[in-house]
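Asker: Protein chains in written order, with the UniProt record's numbering: chain A, 1 to 408; chain B, 1 to 408; chain C, 1 to 408; chain D, 1 to 408. Where a beta carbon is used, it is the ideal one built from N, C-alpha and C, also for glycine. Next up is a structure, given as structure tokens.
4 protein chains.
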Amino acid sequence: MTLDLEALYIDLHRHPELSFQETRTAGVIAHSLTDLGIEFEEGVGKTGVAAVIRNGEGPVVWLRADMDALPVPEQTGLDYASTARGTDPAGTDVPVMHACGHDMHVSSLLGALERLVATKSEWSGTVVAVFQPAEEYGAGSQAMIADGVLDRFPRPDIVLGQHVTPLPAGTIGVRSGTQMAASDGLTVTLLGRGGHGSRPQATIDPIVMAAATVMRLQTVVSREVDPRDVAVVTVGSIHAGLKNNIIPAEAKLELSLRYPDDEARARVLEKVERIVRAEALASGAEEPPVIVTDHSLPPTINDVDATARLTAAFDRAFGAGTVIDPGMFTGSEDVSWFAREAGVPLVFWFWGGVDPAAFAAAKAAGTVERDIPTNHSPFFAPLLQPTLANGVENLVVAAREFLTDAPA
Amino acid sequence: MTLDLEALYIDLHRHPELSFQETRTAGVIAHSLTDLGIEFEEGVGKTGVAAVIRNGEGPVVWLRADMDALPVPEQTGLDYASTARGTDPAGTDVPVMHACGHDMHVSSLLGALERLVATKSEWSGTVVAVFQPAEEYGAGSQAMIADGVLDRFPRPDIVLGQHVTPLPAGTIGVRSGTQMAASDGLTVTLLGRGGHGSRPQATIDPIVMAAATVMRLQTVVSREVDPRDVAVVTVGSIHAGLKNNIIPAEAKLELSLRYPDDEARARVLEKVERIVRAEALASGAEEPPVIVTDHSLPPTINDVDATARLTAAFDRAFGAGTVIDPGMFTGSEDVSWFAREAGVPLVFWFWGGVDPAAFAAAKAAGTVERDIPTNHSPFFAPLLQPTLANGVENLVVAAREFLTDAPA
Amino acid sequence: MTLDLEALYIDLHRHPELSFQETRTAGVIAHSLTDLGIEFEEGVGKTGVAAVIRNGEGPVVWLRADMDALPVPEQTGLDYASTARGTDPAGTDVPVMHACGHDMHVSSLLGALERLVATKSEWSGTVVAVFQPAEEYGAGSQAMIADGVLDRFPRPDIVLGQHVTPLPAGTIGVRSGTQMAASDGLTVTLLGRGGHGSRPQATIDPIVMAAATVMRLQTVVSREVDPRDVAVVTVGSIHAGLKNNIIPAEAKLELSLRYPDDEARARVLEKVERIVRAEALASGAEEPPVIVTDHSLPPTINDVDATARLTAAFDRAFGAGTVIDPGMFTGSEDVSWFAREAGVPLVFWFWGGVDPAAFAAAKAAGTVERDIPTNHSPFFAPLLQPTLANGVENLVVAAREFLTDAPA
Amino acid sequence: MTLDLEALYIDLHRHPELSFQETRTAGVIAHSLTDLGIEFEEGVGKTGVAAVIRNGEGPVVWLRADMDALPVPEQTGLDYASTARGTDPAGTDVPVMHACGHDMHVSSLLGALERLVATKSEWSGTVVAVFQPAEEYGAGSQAMIADGVLDRFPRPDIVLGQHVTPLPAGTIGVRSGTQMAASDGLTVTLLGRGGHGSRPQATIDPIVMAAATVMRLQTVVSREVDPRDVAVVTVGSIHAGLKNNIIPAEAKLELSLRYPDDEARARVLEKVERIVRAEALASGAEEPPVIVTDHSLPPTINDVDATARLTAAFDRAFGAGTVIDPGMFTGSEDVSWFAREAGVPLVFWFWGGVDPAAFAAAKAAGTVERDIPTNHSPFFAPLLQPTLANGVENLVVAAREFLTDAPA
């Protein structure tokens, strides 16, 4: 029985699911694992799946892929573009799209498992495949840990994971130390006083309060952080009001903050909170804003020794120059929790899924108007191949590097 | 058969309906008109109802009441508070409340019709009762006109209407000339470029564009309009984004603008458009914003002679000092279209529904924390009585003033 | 001895002087009064001049003209345009211009005195001419009062004054009740922390603090004042920093606020202070801003009876239709203090100095690019005639209205 | 004849001079060079001084010190604090202070020259001492080059320079590659329309235009630059208006921009210009803003080989650990032009002038309230010693490293 990985990828892409709702995705994974004869459990951390290949003495290597999609309206124009919709935590019906490539992650990991099963005679040790839900909420790895994944399955000696990006296909990006930023997601509710749109003087306008707050929040990065340090303060959503002629009573902002370490985190959070509170005072708000932390992600720090070892392995396998230092990414990940909790090394790398030359040609020809789209864009569309084949190969090479070679 | 007006009002208050969805309200009206033996038609302008009392020779007096409610979450704490929900034009499920008192308008008009039927021997002429939908969208009177209300029913010699407000109960406010402002409702869509919240440099952030636009729009009133002129620029809703870590591709603003006349309208619209376009340029937007006019309401101008006549009638009926000049209201109405289209005079007045002394006492006692709530507030709650009785009486006095007294 | 009023006006226009520095102006006035044989004192309220014509029994009529000019660089292109410079209170060298027409006020009052002296046989009573300094600082009338002007000269039965404006020449504007707004002038010092322009994180940037404050102050008028009420919040000056690469330690704002009455004054001042303080908090300022009131002007309220009497007199003298209701002006005056302190009526009117038809023709011909310039503009240039002749005549008619006619 | 370096430093500190006005400073330098018997010329690049020690065959080493002070009001409380004042290019009287330590640079270079003269037997080659004016304007090195400094004096084989900073005394900070940012200084004049403060509708308010521009400029760094890249957009001065009740016709902003390289420079300049122009459009400005580049400084890039050699020399001379990598500085320098123009290597390093432990103790004791002040702060105050001795020693060690050792 052989997996048809391309069909599997297209199927997942067509059926994206929001965080902690990845039930169909889990079903596809479970079906594939059954075909491969691999032992697994579903429902680990709500909708996660964990699988084990036990192959004699040797290290335990965890390979992790995240499963969830995003509330983004796909505009790629692909044959297999998503038209799916879902219900977000607020109960709103939203479009859903694999705009971050987690479908590629799942497909690659299933392909790698197939290869590791087929080559069991060449290695010994244990491989644990972790199909993690809700990475986009920064909550899935903690949910799996809370559900006992570290105890119910062989504890790792190393945790490995990968992410597809708009690097050129054939390139792998990885660096020692901080690879991805720490991040917090905040929801800020600004409390004003509602009334008729024609009588602003009887209200405390929360939309003006929100606008002033958004403008002032820009100064955290522009004025209060060392220009040489990485910091991001994004207001990713703003919602207030139902009708042009009613001034609403409140406004909601969702913020995404990024920093390289815990010290910077504390400093930026203090500044954001200071500004949010002061702008409410400037509006004459009768109640202070409500600030809630929705999630808090640690920095993704690659182990120095393991990264050096893996970089060498990639260069041996794919040719010198395959691995580049992509710099620190300002995006964040929750894969770190597995390694932090187990007290073992982590290596998390990026692999490329774009043909820049073909893209430039298409743009020159007028077929494409935009630049290469980034993750989370409605136009995000990694090449199916060689990206999928590379994703499989990366995981196989990486796993084998940290497993024991079987005696000849 | 006698109408139980208080029960009718409470029933309408409990079952508010959004604009052009007033089917249950129309049913209640139809049922009451049938009980009163008054001829009527439903479905005039989608969900409107028009009724006629023909009573011999004489002028045709139109009495107009609006029917629709608002997407406001009722917080009055009344026994008969609304818990209703509805679906707004965007398909969103929203709370619904009679936060503008249209339930009081409908009940008062039904009560007045009952009185006019009962006193037919005292007057002659024709009374047309216009139960208008969708005043809150500024679209209902035009819908009824488009549906032939002026031809299918006796054309008016005068159009009369009234609105309940937080004036003291027992007071009527009316003035000659501009009584309510002209108004436009605009939807502005700001077009940016979406992407991951950690990579703002790859995006054109529409939320920052929106915030800067909202702040700049304040300067229309603060700097560009003569301080002695009335002008309002309200941003009543702002919506962008689904998640803290995705920068969305666009933001939507809904604006409500107010002015005393058509010249001011042209000037303010030009300024608003100038600012919206320039702020998009400041953001480096690749496409200009889309600005759509959702509705455009004329000023509500009370006929000088008819207003003088009606004021005298009210003072005779209710005592000198009942009528005050409430000044121009910055709110707007679409009742004018009936009179403009027919080329006849209009008088539109306000009547009070609040006991300020009782309110002040409750506030002093700590039972109530807020000031007297205005129309469109979630706390808006006119006294059931004497407001309802006054609303009935106002319409009867006003109609009789412009009808012919029957020969003794 | 006859005054050459045109030459006198041109001389004053060429030699404008800043507030409380009107020494040359006082000299010209003194010289003219001496020529006319009128008794006077110089140095009343620093640089003011008061003169008396005693002419038997009868009322005491005060005629007031203000003397000072403004730090505005004249750009009228007139032959007699000012090239003068002065030193402002901060010690800065500035251009000076009669951009508010006080040169016209002084010339007109001297002309009126000449006429009143020449016609002594026709009237009886006392005329006091008050040449007041420092109207632009809102400080001159109080300085004269503090210097005893009400005791050292006959106390008024009525105070009269006039101001030249861009109304059409031949028109007089005056209304009963509030004619000009109350006003406060504030200086706000925002305290930050200075440092090198390349290291903003080590500073508290007072320029960003000032910019956010200015933007937020717009919302007082746009959101917090009844759209039907008059209110102005102008930031007339902003100063911070000496060099592009040094972030300064503080920023200074000068505000001019306007309101129709004392209640509105209290409300607006509270809002302005609230915003200024909150924006400093938003910046993380270590010290609160310093807010100083530089001057506080009462509303200019025209006495109802005296205004009616004067309006009738003007219409009799100059023809019906000469007097219009100019509406309330948002500008402010300190002339009120004389009448308030003495407890007597005040009438303060405007007279026109522009030929709109000629202006429109010049604009059509391309000779002039701008609209008719307002007071305080560098282009402000009332027509020399008939403005000057009218200014004289207005004062004579007004004074005579309140003096006693001599027995024939 | 021995220089009293401490007295010389204190004298310079007490008599700071603004850029291109360093005539007294040049006199002190000339006097000292005469005492040391060193050949020199004054007036090189207006107020600069260049000196030469010719000592046989060997490399030509340039040692550069900048001379000018800043318009900062000294608040150090030092015995020898400056109370000097100067006239800035706008003709304004301003306080002047050596807030950037150039007095320490001059004193150290004179001390180093004394040592090099005294030890002539130990080395051979040529030392050129360049006392450069107007570093703070970014204009002095170009002025000296334009005045022929590279031709009138021996051309360098290497250019060396140093800057005192708030690093701990005893520490030297230097790195290969980009050591300091590139920088532009811009003056932006925003053109509005002036008028009376009570009639904003007749004006185009340049202060609101400026405030909106300042707020929007924050988004260049916060939204449009990769969070991992260095960029600074500082508005270091803002000036508009003379009086609270006159709305001025224009506002002036001075901007300081920083970037690591020429590509980033082009991108940021484009964004700044885009925002400035769009905000003028948003205000309805009748004329576009005027944007002038006052100076443009290249990045300060340390030669890789020469830096390695110098680092080793410092560590040998002062002990391992003396040299740290201070990271890239966001400040800028014009020293590069000498090396760029001559096509030779540059090394520019920082040396420490603070005792952090003593500072912390003083703060704990309440003697000092602030953190260690940075360059350009009114509190900037390097320790006289060992800073001065170290500054001398650094230059001697560095010069000797690149000169030839004399044969034993």
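Need the endpoints of the alpha helix (DSSP H) that residue 179/C sits in, please.
Answerer: Looking at the DSSP string, residue 179/C is not in any alpha helix (DSSP H); the run it does join, the beta strand (DSSP E), is 177-180.
Asker: Could you pull the start and end residues of the beta strand (DSSP E) that residue 38/A belongs to?
Answerer: Looking at the DSSP string, residue 38/A is not in any beta strand (DSSP E), and its letter there is neither H nor E.
Asker: Please confirm whether residue 274/D has its beta-carbon closer than 9 Å to some beta-carbon of chain B.
Answerer: Yes, because at least one Cβ of chain B sits closer than 9 Å to the Cβ of residue 274/D.
Asker: Roughly how many angstroms separate the alpha carbons of residue 281/D and residue 282/B, rounded to a whole number?
Answerer: Taking the straight line from one Cα to the other gives about 9 Å.
Asker: Residue ranges of each alpha helix (DSSP H) run of no fewer than 4 residues wholly in the segment 274-356 of chain B, ordered along the chain?
Answerer: Counting only runs of 4 or more, we get 304-318 and 336-342.
Asker: So, with DSSP's three-state summary, where would you put residue 87/A?
Answerer: Note: residue 87/A maps to strand in three-state DSSP.
Asker: What span of residues does the alpha helix (DSSP H) with residue 244/C cover, start to end?
Answerer: First-last for residue 244/C: undefined, no H or E at that position.
Asker: Do residue 257/C and residue 269/C have their beta-carbon atoms positioned less than 9 Å apart in this structure?
Answerer: For residue 269/C and residue 257/C, yes; Cβs fall inside 9 Å.
Asker: Quick test of the definition: if touching needs 3 or more C-beta pairs under 8 Å, does the segment 141-155 of chain A touch the segment 303-319 of chain A?
Answerer: In short, these stretches do not touch, since the Cβ pair count stays below three.
Asker: Check whether the segment 208-222 of chain D and the segment 309-327 of chain D are in contact - that is, three or more C-beta pairs closer than 8 Å.
Answerer: With a cut-off of 8 Å, the segment 309-327 of chain D and the segment 208-222 of chain D do not count as touching, because too few Cβ pairs lie within range.
Asker: Anyone know if the C-beta pair for residue 232/B and residue 197/A falls short of 9 Å?
Answerer: Contact: yes.
Asker: Could you give the residue range of the alpha helix (DSSP H) that holds residue 401/C?
Answerer: Its alpha helix (DSSP H) spans residues 387-402.
Asker: Could one say the Cβ of residue 223/A lies closer than 9 Å to chain D's Cβ atoms, at least one of them?
Answerer: Answer yes: the Cβ-Cβ gap between residue 223/A and chain D drops below 9 Å somewhere.
Asker: Find the residues of chain D that neighbour residue 219/A, judging by a C-beta separation of less than 8 Å, and give them in chain order.
Answerer: 218 and 222, listed in chain order.
Asker: So residue 60/A packs on residue 39/A, CB below 8 Å; how close in whole Å?
Answerer: Contact doesn't hold; Cβ gap of about 14 Å is too wide.
Asker: Using beta carbons (cut-off 9 Å, strictly below), is residue 48/C in contact with chain B?
Answerer: No, residue 48/C lies away from the interface with chain B (no Cβ there is under 9 Å from its Cβ).
Asker: If we call anything under 9 Å between Cβ atoms a contact, is residue 199/A one with residue 374/B?
Answerer: Cβ atoms of residue 199/A and residue 374/B: closer than 9 Å.
Asker: Keeping to the same chain, check which residues put their C-beta closer than 6 Å to that of residue 328/A; ignore five residues upstream and five downstream.
Answerer: Excluding positions up to five away in sequence, the list reads 178.
Asker: Could you name the residues of chain B that residue 286/D contacts, counting a contact when the two beta carbons are closer than 7 Å?
Answerer: Neighbours of residue 286/D on chain B: none; closest Cβ ~13 Å, over 7 Å.
Asker: Across the segment 345-363 of chain C and the segment 132-144 of chain C, are there enough close Cβ pairs to call them in contact, namely three or more that are closer than 8 Å?
Answerer: In short, these stretches do not touch, since the Cβ pair count stays below three.
Asker: With burial defined as no fewer than 16 other Cβ atoms inside 10 Å of the residue's Cβ, what is the status of residue 343/A: buried or exposed?
Answerer: It counts as exposed.
Asker: Relative to the C-alpha of residue 109/A, which residue among 319/A, 380/A, 191/A and 28/A is closest?
Answerer: The candidate whose alpha carbon is nearest that of residue 109/A is 28/A.
Asker: Counting only C-beta atoms, is residue 215/B closer than 9 Å to chain C at any point?
Answerer: Answer yes: the Cβ-Cβ gap between residue 215/B and chain C drops below 9 Å somewhere.
Asker: List, from N- to C-terminal side, the alpha helix (DSSP H) runs of 4 residues or more that fit wholly inside the segment 100-125 of chain D.
Answerer: Segments of the alpha helix (DSSP H) lying fully in the segment 100-125 of chain D: 102-118.
Asker: Check whether the Cβ of residue 231/A lies closer than 9 Å to any Cβ atom in chain D.
Answerer: Residue 231/A counts as touching chain D.
Asker: For a contact meaning CB atoms closer than 7 Å, what does residue 374/B contact in chain C?
Answerer: Result: empty, since nearest Cβ-Cβ is about 12 Å, beyond 7 Å.
Asker: When you compare the segment 289-304 of chain A with the segment 217-229 of chain A, are there three or more beta-carbon pairs, one atom per stretch, that lie closer than 8 Å?
Answerer: The segment 289-304 of chain A, when compared against the segment 217-229 of chain A, does not touch it at the 8 Å Cβ threshold.
Asker: Would you say the segment 64-72 of chain D touches the segment 164-178 of chain D, given that touching needs at least three Cβ pairs under 8 Å?
Answerer: Contact fails: fewer than three Cβ-Cβ distances are below 8 Å.
Asker: Which residue spans inside the UniProt domain "Peptidase M20 dimerisation" (185-280) of chain A form an unbroken beta strand (DSSP E) run of at least 3?
Answerer: You should have 232-240 and 250-259.
Asker: At a Cβ cut of 8 Å, what residues of the segment 145-166 of chain C count as close to chain B, listed as they run along the chain?
Answerer: The segment 145-166 of chain C vs chain B, Cβ under 8 Å: nothing.
Asker: Please confirm whether residue 246/D and residue 376/C have their CB atoms less than 9 Å apart.
Answerer: It is a contact, given that the beta carbons lie within the stated cut-off.
Asker: Strictly below 8 Å CB to CB, what residues from chain A border residue 279/C?
Answerer: By Cβ distance, chain A contributes 278 and 282.
Asker: Do you know offhand how far residue 16/D's Cα is from residue 96/D's?
Answerer: Distance between the alpha carbons of residue 16/D and residue 96/D is about 6 Å.
Asker: Just the chain C side, please: which residues come within less than 8 Å of residue 266/A by C-beta, in chain order?
Answerer: Neighbours of residue 266/A on chain C: none; closest Cβ ~15 Å, over 8 Å.
Asker: Listed from N- to C-terminal order along the chain, which residues in the segment 185-207 of chain B have their beta-carbon within a distance smaller than 9 Å of any beta-carbon of chain D?
Answerer: Against chain D - using a Cβ distance shorter than 9 Å - the residues of the segment 185-207 of chain B are 198, 199, 200, 201, 202, 203, 204 and 205.
Asker: Have a look at residue 236/B and residue 243/A and give me their C-alpha separation to the nearest angstrom.
Answerer: Rounded to the nearest angstrom, the two C-alpha atoms are 6 Å apart.
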